[in-house]
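Please read the structure below before turning to the comments.
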């Protein structure tokens, strides 16, 4: 991982103390310009351990925030734009979340399948986490369920009462299942 603090004029390597694995996600903090979150996957190296790190000083030092994650490779990371203590990761077996900066992690959703998830994003208008799975589907998780209030721009009628919805294509049509 290379970092620049002068808009790309000069670059310095900041990953020499981190695992020699594939970088699968880099996510900057919206609350602190010196903070960044990264994750690595050891899938190619038969390394089942999660590798999730945070830096609070533009990558000069790193803190392992893998906490109590199970042995599973991590594919993406996202910090909630309003609170860096609220983290989500996409893994080879679903989505995990932390509300205490990575000390403890919990699976996100009720009955969420154990699919590889490669991309996660936050939808600000509906206050939802969007997870893109390897099975060519998307899952949505309403963040109100963990106490994150809906932004004022989203109407309460626009938000489903079901915490998870799975979207997938079947016979050329989009099907929706709620959990």
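In the working numbering, the protein residues as written are 81 to 259. Ideal Cβ placement from N, Cα and C applies to all residues, glycine included.
query                                                                                                                                                  : result
My assumption, with CB atoms under 8 Å, is that residue 146 sits in contact with residue 115. Please give the rounded CB distance.                     : So it is not a contact: roughly 17 Å between Cβ atoms.
So within the stretch 88–164, which uninterrupted beta strand (DSSP E) runs reach at least 3 residues, ignoring any that extend past its ends?         : 102–108, 116–122, 127–135, 154–160
With DSSP as the reference, identify every bridge partner of residue 211, one or two as the case may be.                                               : 200, 219
What are the boundary residues of the beta strand (DSSP E) that residue 176 is part of?                                                                : 174–178
Rank 104, 98, 211, 172 by C-alpha distance to the C-alpha of residue 194 and give the top, closest one.                                                : 172
Going by CA-CA distance only, name the one from 165, 198, 222, 218 that's closest to residue 204.                                                      : 222
Which same chain residues end up closer than 7 Å to residue 148 when comparing Cβ atoms and leaving out the 5 residues on each side of it in sequence? : 184, 185
Return the CA-CA distance between residue 111 and residue 118, expressed in angstroms with no decimal places.                                          : 16 Å
Using 8 Å for Cβ pairs, my map puts residue 200 next to residue 158. What's the rounded Cβ distance?                                                   : 5 Å
Determine the closest residue to residue 101 out of 129, 143, 86, with distance taken between C-alpha atoms.                                           : 129
Once the 5 residues before and after residue 91 are set aside, which same chain residues still bring their CB inside 6 Å of it?                        : 82, 84
Mark residue 182 as exposed unless 16 or more other C-beta atoms lie within 10 angstroms of its C-beta, in which case mark it buried.                  : buried
Among 125, 208, 95, whose alpha-carbon lies nearest the alpha-carbon of residue 144?                                                                   : 95
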